[in-house]
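Student: Below: one structure in structure tokens.
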Amino acid sequence: MAEVDTSNLVDVVYQSGIPGPDDPAENFFEASKIYPASIPWDVPGVARLERSAEMRQMSTRSTRRYEGRPVLPLPESAPAQASLESVLASRRSADAFDEREVSAGVLSSLLSRSYGVTGSLGEHSLRPTPSAGALYPLDIYVLPSRVESLRSGGRYHFDPFEHALTDLGDVDGAALREATNAPNISGVPAVQLVISASFWRSRFKYGQRALRFALTEAGHLVQNLLLLATAHGLACRPIGGFFDARLTEVMVDHNGVDDAPVYAVLIGYGSDR
Ligand SMILES: Cc1cc2nc3c(=O)[nH]c(=O)nc-3n(C[C@H](O)[C@H](O)[C@H](O)COP(=O)(O)O)c2cc1C
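Position one of the sequence shown corresponds to residue 919 (our numbering), numbered consecutively onward.
So this is what it looks like as structure tokens:
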């Protein structure tokens, strides 16, 4: 095989010839482009939103809600001591987790300092993670194994407006581990976070571009989580290679199309193996 470097990786992708017009990745990228002449068609919801106060009001309540489920207020966030410079220099993806428990204050810090409401601009509340049009199409689900005052094996939803968790019942731990697809990791992380996207929360405004926005925002959110975890002395690893259908099944109330898991993070105390 010819030597491969990054300048000729394109030949590796296209080794069997230029892809036809049905290449899904190229088609999607093309469909999601915005041009000055076609802005009204490319992002049809922008003008619609300008005309409708009701739609604007609706779009400010951007979180999934679970009425009638038990709500657990989160405690005050634990202080994170490390400087941004040292956190940026030391963040690494962990290979091994030990048995130590994560405190409720640290979990509270991870959630609220990455995706909790921190301010407002007009009718929009704002968060630490930037979001196209301040629409926040993402939700964080907390799946603890060892977190103070949370049930091991439970599934909780973070409500960024109430600074609280909603208890959604239990997940099958073996099914979760299988769906997560991280056989390279030893030990069980104290907590797994699943980031899910409700694509329509962005798509009603941005059309095809919304998928790009939602995935870009998941990257912003997970980077915030990784840096916070590092600042609290925790080990962490982002997981993008989960099995979609299986993780969607574990999440129970996602249909995998309109709302789906898009990213996961393993967090806990690290072990040297
Ligand atoms: C989008 C994305 C997806 C990833 N998916 C996985 C994954 O499925 N499994 C895994 O073990 N690591 C995953 N990682 C972690 C990378 O392997 C890791 O970031 C990379 O090796 C660089 O190492 P570092 O994070 O320690 O700097 C992912 C990272 C990113 C950014």
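Don't be surprised by glycine CBs; every beta carbon is placed ideally from N, CA and C.
Check each candidate in 926, 945, 979, 930 and name the one with the smallest Cα separation from residue 1120.
Tutor: Closest option to residue 1120, Cα to Cα, is 979.
Student: Cα-Cα, which of 1164, 1114, 1188 is closest to residue 1176?
Tutor: For the residues 1164, 1114, 1188, the minimum Cα distance to residue 1176 belongs to 1114.
Student: So for residue 1073, helix, strand or coil by DSSP?
Tutor: DSSP places residue 1073 in strand when its eight states are reduced to three.
Student: Output the distance between the C-alpha atoms of residue 1167 and residue 1011, rounded to the nearest integer angstrom.
Tutor: About 26 Å.
Student: Residues in its own chain within less than 6 Å of residue 1091 by CB, not counting five upstream and five downstream?
Tutor: Within the same chain, residue 1091 has close Cβ partners 1071.
Student: Could you please give the first and the last residue of the uninterrupted beta strand (DSSP E) stretch that includes residue 1116?
Tutor: Run containing residue 1116: 1109-1116, per the beta strand (DSSP E) assignment.
Student: Heavy atom of ligand 1 less than 8 Å from the Cβ of residue 1187, yes or no?
Tutor: Because no heavy atom of ligand 1 lies under 8 Å away, the Cβ of residue 1187 does not count as near it: no.
Student: Anyone know if the C-beta pair for residue 1190 and residue 1116 falls short of 9 Å?
Tutor: Not in contact: residue 1190 and residue 1116 (Cβ atoms no closer than 9 Å).
Student: Quick one: what's got a C-beta closer than 8 Å to residue 1019's C-beta in the same chain, skipping five residues either side?
Tutor: The residues are 1064, 1065, 1066, 1108.
Student: Exposed or buried, what is residue 1152 when buried is set at 16 or more other beta-carbons lying within 10 Å of its beta-carbon?
Tutor: Result: buried.
Student: If you draw a straight line from the C-alpha of residue 957 to the C-alpha of residue 1052, how long is it?
Tutor: About 19 Å.
Student: Which stretch, first to last residue, makes up the alpha helix (DSSP H) that contains residue 1008?
Tutor: Where residue 1008 is concerned, the enclosing alpha helix (DSSP H) stretches over 1002-1008.
Student: Examine ligand 1 and report whether any of its heavy atoms sits within less than 8 Å of the Cβ of residue 1160.
Tutor: Yes, ligand 1 has a heavy atom inside 8 Å of this Cβ.
Student: Verify the contact flag: residue 1063, CB atom, against every heavy atom of ligand 1, threshold strictly below 8 Å.
Tutor: Because no heavy atom of ligand 1 lies under 8 Å away, the Cβ of residue 1063 does not count as near it: no.
Student: Buried or exposed for residue 1270, going by 16 or more other Cβ atoms inside 10 Å?
Tutor: No information on residue 1270 is available, as it lies outside the stretch 919 to 1191 that the chain covers here.
Student: Between residue 1107 and ligand 1, is the CB less than 8 Å from at least one heavy atom?
Tutor: No, the Cβ of residue 1107 stays beyond 8 Å of every heavy atom of ligand 1.
Student: How would you call residue 932, buried or exposed, if buried means at least 16 neighbouring beta carbons within 10 angstroms?
Tutor: The residue in question, residue 932, is exposed, as its Cβ has fewer than 16 Cβ neighbours within 10 Å.
Student: Provide the residue span of the beta strand (DSSP E) that contains residue 1148, from first to last.
Tutor: No beta strand (DSSP E) contains residue 1148, which is instead part of the alpha helix (DSSP H) from 1127-1149.
Student: Assuming residue 1182 and residue 1112 are in contact, meaning their beta carbons sit under 8 Å apart, how far apart are those beta carbons, in whole angstroms?
Tutor: Residue 1182 to residue 1112, Cβ: 5 Å. Contact.
Student: Is DSSP giving residue 879 helix, strand or coil here?
Tutor: The question about residue 879 has no answer, for the chain in this structure spans 919 to 1191.
Student: In terms of residues, what are the limits of the alpha helix (DSSP H) holding residue 958?
Tutor: Segment 957-960, the alpha helix (DSSP H) holding residue 958.
Student: Tell me, please, which residues DSSP counts as bridged to residue 1155.
Tutor: According to DSSP, which records beta bridges pairwise, residue 1155 is partnered with 1184.
Student: Going by C-alpha distance, which of 1055, 1039, 1086 is nearest residue 1138?
Tutor: Cα-wise, what sits closest to residue 1138 is 1055.
Student: For a test of the three-state rule: what should DSSP assign to residue 1177, helix, strand or coil?
Tutor: The answer is strand: DSSP assigns residue 1177 an E or B state.
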